[in-house]
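Chemist: Pasting a structure here, questions to come.
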Amino acid sequence: MSKKTSSNRKTGAIIGLCVLLVLTIVFGYLGFNGMPLDGRGLYRLLPWMPTTNAENWPESLALGLDLRGGVYVEYSAQQPDEIEGSFDALMDGTIAVIQQRLTDKGYPESTVQKINNGTGIRVEIPDVTDPQAVLDLIGTPAELSFRDPDGNEFMTGKQVQTASYFFADGDHQVAFTLTKDGAALFADMTAKSIGKQIAIYLDNEMLINPTVQSAIPNGSGVINGMGSEERARTIAAQIQSGALPLVLTQQKVDTVSATLGDEALSTSIRAAMIGILLVMLFMIIRYRMNGVVASWALCIYMLLLFFFIAVIPGIQLTLPGLAGIVLGIGMAVDANVIIYERFNEEMRAGRPARAAVRAGFKNAMSAILDSNVTTLIAAIVLLVYGTGSVQGFAKTLLLGVVVSMFSAVVITRMLMTWFVKVGLNKPSLYCTMKNTVEEEQK
Amino acid sequence: MTVKNRSRICLTVSCCIFVLALVLSLFGLGINQGIDFAGGMAMQYSMGKEVAQSDVEDVFKGMNIDAAVTVQGANRDEVNIRIKDIATEDVQTIQQRFVEGISEKYPDVTQNGEVNYVGPVAGRTLLSNAFWSVVIAAALMLIYIAIRFDFSSGLAAVLGLLHDVLMMLAFMVLLRSIIQMNSTFIAAMLTIVGYSINNTIVIFDRIRENEKKTPGDDRVTIVNRSVKECLGRTLNTTITTLITIVALYIMGVASIKEFALPIIVGILSGVYSANMINGYVWAMLDEKLSVGKKSKKVKAKA
Numbered sequence: 014m015s016k017k018t019s020s021n022r023k024t025g026a027i028i029g030l031c032v033l034l035v036l037t038i039v040f041g042y043l044g045f046n047g048m049p050l051d052g053r054g055l056y057r058l059l060p061w062m063p064t065t066n067a068e069n070w071p072e073s074l075a076l077g078l079d080l081r082g083g084v085y086v087e088y089s090a091q092q093p094d095e096i097e098g099s100f101d102a103l104m105d106g107t108i109a110v111i112q113q114r115l116t117d118k119g120y121p122e123s124t125v126q127k128i129n130n131g132t133g134i135r136v137e138i139p140d141v142t143d144p145q146a147v148l149d150l151i152g153t154p155a156e157l158s159f160r161d162p163d164g165n166e167f168m169t170g171k172q173v174q175t176a177s178y179f180f181a182d183g184d185h186q187v188a189f190t191l192t193k194d195g196a197a198l199f200a201d202m203t204a205k206s207i208g209k210q211i212a213i214y215l216d217n218e219m220l221i222n223p224t225v226q227s228a229i230p231n232g233s234g235v236i237n238g239m240g241s242e243e244r245a246r247t248i249a250a251q252i253q254s255g256a257l258p259l260v261l262t263q264q265k266v267d268t269v270s271a272t273l274g275d276e277a278l279s280t281s282i283r284a285a286m287i288g289i290l291l292v293m294l295f296m297i298i299r300y301r302m303n304g305v306v307a308s309w310a311l312c313i314y315m316l317l318l319f320f321f322i323a324v325i326p327g328i329q330l331t332l333p334g335l336a337g338i339v340l341g342i343g344m345a346v347d348a349n350v351i352i353y354e355r356f357n358e359e360m361r362a363g364r365p366a367r368a369a370v371r372a373g374f375k376n377a378m379s380a381i382l383d384s385n386v387t388t389l390i391a392a393i394v395l396l397v398y399g400t401g402s403v404q405g406f407a408k409t410l411l412l413g414v415v416v417s418m419f420s421a422v423v424i425t426r427m428l429m430t431w432f433v434k435v436g437l438n439k440p441s442l443y444c445t446m447k448n449t450v451e452e453e454q455k
Numbered sequence: 003m004t005v006k007n008r009s010r011i012c013l014t015v016s017c018c019i020f021v022l023a024l025v026l027s028l029f030g031l032g033i034n035q036g037i038d039f040a041g042g043m044a045m046q047y048s049m050g051k052e053v054a055q056s057d058v059e060d061v062f063k064g065m066n067i068d069a070a071v072t073v074q075g076a077n078r079d080e081v082n083i084r085i086k087d088i089a090t091e092d093v094q095t096i097q098q099r100f101v102e103g104i105s106e107k108y109p110d111v112t113q114n115g116e117v118n119y120v121g122p123v124a125g126r127t128l129l130s131n132a133f134w135s136v137v138i139a140a141a142l143m144l145i146y147i148a149i150r151f152d153f154s155s156g157l158a159a160v161l162g163l164l165h166d167v168l169m170m171l172a173f174m175v176l177l178r179s180i181i182q183m184n185s186t187f188i189a190a191m192l193t194i195v196g197y198s199i200n201n202t203i204v205i206f207d208r209i210r211e212n213e214k215k216t217p218g219d220d221r222v223t224i225v226n227r228s229v230k231e232c233l234g235r236t237l238n239t240t241i242t243t244l245i246t247i248v249a250l251y252i253m254g255v256a257s258i259k260e261f262a263l264p265i266i267v268g269i270l271s272g273v274y275s276a277n278m279i280n281g282y283v284w285a286m287l288d289e290k291l292s293v294g295k296k297s298k299k300v301k302a303k304a
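Chains as they are written, first to last, in this note's numbering: chain V, 14 to 455; chain P, 3 to 304.
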């Protein structure tokens, strides 16, 4: 009877190990090669594991500026005396304008964010070849253009004298007056275009294209339907000053060339790979069978970690982020080491392997939990208080700790239990039977 | 040697290192601040042929600008230039004037790699952010450990953290000729805050367990035994983590090195403090804090 159940257990464990092995191999293959099934009605699975070849970098893994090359700028913002309206609203307007400009000029992946409690702006622009041109672009005055029914520009912001925000008929509007020659041009054009549409563009964004009802001779006009007060004020300020609503001063500029980024990327990935192989070697020498378990769990950990980095939006791989991953590997191995040391203690005390697995986990769990929670605390504080690359590091560290907990508690445990059930339960497979600790206790 | 003496010696050694670093800082040999903290401008040029440092320096002298120039690269054909205290408006003019000035002797000069500019405000914000993140993280950990263990463990662990952070700062002073402090140092510091506490926790976990097993033993004996029992784990973990970080340090580019070296120092300091200092500090604190409570505690356990 007992023989039968034990052989049942053995079969179960073998099946379990085989399934996990197949899963690891399949998942690993997909991780490096992806599944190109597009065009057949199936979704496409992109590869997500990093490579040392920066040119063949998997597109699903977003790279930070330091690895990809690009420009990072921090500005402080001041409100000019002549501009009215709340600072916060103008700030939002400024951010929207910068974002719009960068998108228009071919940098759609740029991010523009508030920093320092909303008193500054951070702009990150990847893949830039001429940093100074991009920086100039952010600072250039807004271009206002009036276009005739055929889409040709007949007047620019130079002919605008004043622009101001006002609220009427339940609508946020911008009123403008034109200079003398502007008024003449405008009167002429409106007279020619009755019944047709003329348009006003700001930085290539169409603000309004009203149908002309009658000629407008007095050189003043209204742009209505602005949607919100914030938008109307921003546009009024832009037309008035011809620049951004707020005055921006550069506080910090970081530019990284793409070649430097590529080099940083490939060397760190190579270093990480060598590091991981050495860790596996060390673990196998030190913990024998359990070292094999640890190495396997580490492979699964890497596959899962990069999978999450690829699919969770907003996580970018940065240089410190890579170091966070390397550290995460350390943490994942740490949990394993704690378990194996406990397991070996039990084995040396003469317990059977299965009981040793159970006791090892039970004893190790509190230490693993407490040490991971304290690391989580540090990672969360970093996430909340850090900026830029430090935040990128915090995200990968956070993810690393969570995945390493999973790998230590679930994967390692499964593997150890199955290994023992399969019959790999001789103590000499796991540790030397030195009893130094035990003796000292007595 | 008794645990007490050993821990005292270690504490003294640590304090000596801190004092040495402090004295060096007071004499102007403090942390080598990168532009992230100090503010200023850094740029790199590739010159097309071997560079004489004085050629580059002369150009800046001509412009009346105080610039620190280092020659780099395998062929000694790259220069790294750092200028402190400049206004934003000047960043572009300085670059232009430098290229104009140097291109007589080095016609192939091209900008290479990074050009960074940091205003004085940004550096200060960074510092205060860093300071507060460490304080907040430490406070939260103190609370967590106080709940999971006891207050003296929390305090001892956080003091251990403080030790490790100070040690990292001290080594930034001692290694000032090979490493600069930039914003990644903050990430490194917080990594250590999160990581090196693991060693302490694992040992305190053992202490917690051994206290229950043998309630009669005095604290120092329990600490000594717990540290010994955990030594295998502590060493193996430290070795595995160090393997990967050292690989990064050896192979990595400059910005990775700037990050990896403080982490290496922090990890080593963490192992050292967890094994040699923190347990003893806990024993002392717990003894002082629980005078009067002790009889209760023993009864409860019995």
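Ideal Cβ placement from N, Cα and C applies to all residues, glycine included.
Check whether the Cβ atoms of T247 (chain V) and N349 (chain V) sit closer than 7 Å, and answer yes or no.
Modeler: In this structure, T247 (chain V) sits away from N349 (chain V), with a CB-CB distance that is not shorter than 7 Å.
Chemist: Once the 5 residues before and after I213 (chain V) are set aside, which same chain residues still bring their CB inside 8 Å of it?
Modeler: Counting only Cβ-Cβ distances below 8 Å, and skipping sequence neighbours, we find L157, S158, F159, R160, M219, L220, I221, N222 and I236.
Chemist: Which chain V residues sit within Cβ distance under 7 Å of A39 (chain P)?
Modeler: The sequence given here places Phe at residue 39 (chain P); Ala does not occur at that position. Within 7 Å Cβ-Cβ: nothing; F39 (chain P) doesn't reach chain V, min ~11 Å.
Chemist: From V255 (chain P) to E276 (chain V), what does the alpha carbon distance come to, in whole angstroms?
Modeler: 8 Å
Chemist: Can you give the Cα-Cα distance for L33 (chain V) and V136 (chain V), rounded to whole angstroms?
Modeler: 45 Å
Chemist: What runs of the beta strand (DSSP E), each 3 residues or longer, lie entirely inside the region 200-257 of chain V?
Modeler: 212-215, 218-221 and 233-236
Chemist: Would you please verify whether the beta carbon of Q186 (chain V) is less than 7 Å from any beta carbon of chain P?
Modeler: no
Chemist: Since T124 (chain V) is in the beta strand (DSSP E), which residue starts that stretch and which ends it?
Modeler: T124 to I128
Chemist: Are the beta-carbon atoms belonging to M429 (chain V) and V346 (chain V) less than 7 Å from one another?
Modeler: no
Chemist: Looking only at its chain, what residues have a beta carbon closer than 7 Å to the beta carbon of L287 (chain P), apart from the 5 residues adjacent to it on each side?
Modeler: S154, L157 and A158
Chemist: Compute the Euclidean distance between the alpha carbons of V187 (chain V) and Q94 (chain P), then round it to the nearest angstrom.
Modeler: 37 Å
Chemist: Is it true that the region 46-56 of chain P meets the region 190-202 of chain P, where meeting means three or more beta-carbon pairs spaced less than 8 Å apart?
Modeler: no
Chemist: Along the chain, where does the beta strand (DSSP E) containing V84 (chain V) start, and where does it finish?
Modeler: G83 to Q91
Chemist: Are there 16 or more other CB atoms within 10 angstroms of the CB of N303 (chain V), so buried, or fewer, so exposed?
Modeler: buried
Chemist: Counting only Cβ pairs nearer than 9 Å, list the residues of chain V close to Q182 (chain P).
Modeler: By Cβ distance, chain V contributes nothing, its closest Cβ being about 15 Å from Q182 (chain P), past 9 Å.
Chemist: Pick from P:P264, P:R208 and P:M143: whose alpha carbon is nearest that of N385 (chain V)?
Modeler: P:M143
Chemist: Which residues mark the beginning and the end of the alpha helix (DSSP H) in which T246 (chain P) is found?
Modeler: That run of the alpha helix (DSSP H) goes R221 to M253.
Chemist: Select from P:E213, P:T242 and P:I180 the residue whose C-alpha is nearest the C-alpha of T72 (chain P).
Modeler: P:I180
Chemist: Taking only runs that begin and end inside the region 349-425 of chain V, name each unbroken alpha helix (DSSP H) of 4 or more residues, in chain order.
Modeler: 366-398 and 402-419
Chemist: Step through the CB atoms of chain V and report whether any lies within less than 7 Å of the CB of F261 (chain P).
Modeler: yes
Chemist: Mind reading off the beta-carbon distance from G133 (chain V) to E87 (chain V)? Whole number of angstroms is fine, and I expect it under 8 Å.
Modeler: About 6 Å separates the Cβ atoms of G133 (chain V) and E87 (chain V), confirming a contact at the 8 Å cut-off.
Chemist: Under 7 Å between the Cβ atoms of P162 (chain V) and S233 (chain V)?
Modeler: no
Chemist: Answer yes or no: does any C-beta atom of chain V fall closer than 7 Å to that of L161 (chain P)?
Modeler: no
Chemist: What's the C-alpha gap between I85 (chain P) and A44 (chain P)?
Modeler: Distance between the alpha carbons of I85 (chain P) and A44 (chain P) is about 6 Å.
Chemist: Go ahead and pull the three-state DSSP assignment for N77 (chain P).
Modeler: coil
Chemist: What residues from chain P crowd round T388 (chain V), counting only those whose CB sits closer than 8 Å?
Modeler: G196, Y197, I199 and N200
Chemist: Would you mind sorting S16 (chain P) into buried or exposed? The rule is 16 or more other CB atoms within 10 Å of its CB.
Modeler: buried
Chemist: Rounded to a whole number of angstroms, what is the C-alpha to C-alpha distance between A368 (chain V) and I265 (chain P)?
Modeler: 38 Å
Chemist: List, in order along the chain, the chain V residues whose C-beta lies closer than 9 Å to that of V120 (chain P)?
Modeler: At a C-beta separation below 9 Å, V120 (chain P) has these neighbours in chain V: E87, Q264, K265, V266 and D267.
Chemist: Using CA coordinates, which residue listed in V:L395, V:L43 and V:G436 is at the minimum distance from W134 (chain P)?
Modeler: V:L395
Chemist: Between V:F406, V:E359, V:V414 and V:V416, which lies nearest to K439 (chain V) when the distance is taken from Cα to Cα?
Modeler: V:E359
Chemist: Between the region 299-320 of chain V and chain P, which residues of the former have a C-beta closer than 7 Å to a C-beta of the latter?
Modeler: R299
Chemist: Are S89 (chain V) and T268 (chain V) close, meaning C-beta to C-beta below 7 Å?
Modeler: no
Chemist: Does the beta-carbon distance from F356 (chain V) to G343 (chain V) come in below 7 Å?
Modeler: Their beta carbons are not under 7 Å apart, which means F356 (chain V) does not touch G343 (chain V) by this criterion.
Chemist: Helix, strand or coil, according to DSSP, for T48 (chain V) in the structure here?
Modeler: First, the amino acid is wrong: residue 48 (chain V) is Met here, not Thr. Taken through DSSP and simplified to helix, strand or coil, M48 (chain V) comes out as strand.
Chemist: For A169 (chain V), collect the residues of the same chain with a Cβ closer than 8 Å to its Cβ; drop the 5 residues on either side in sequence, then sort them by chain order.
Modeler: First, the amino acid is wrong: residue 169 (chain V) is Thr here, not Ala. Counting only Cβ-Cβ distances below 8 Å, and skipping sequence neighbours, we find E156, L157, S158 and F159.
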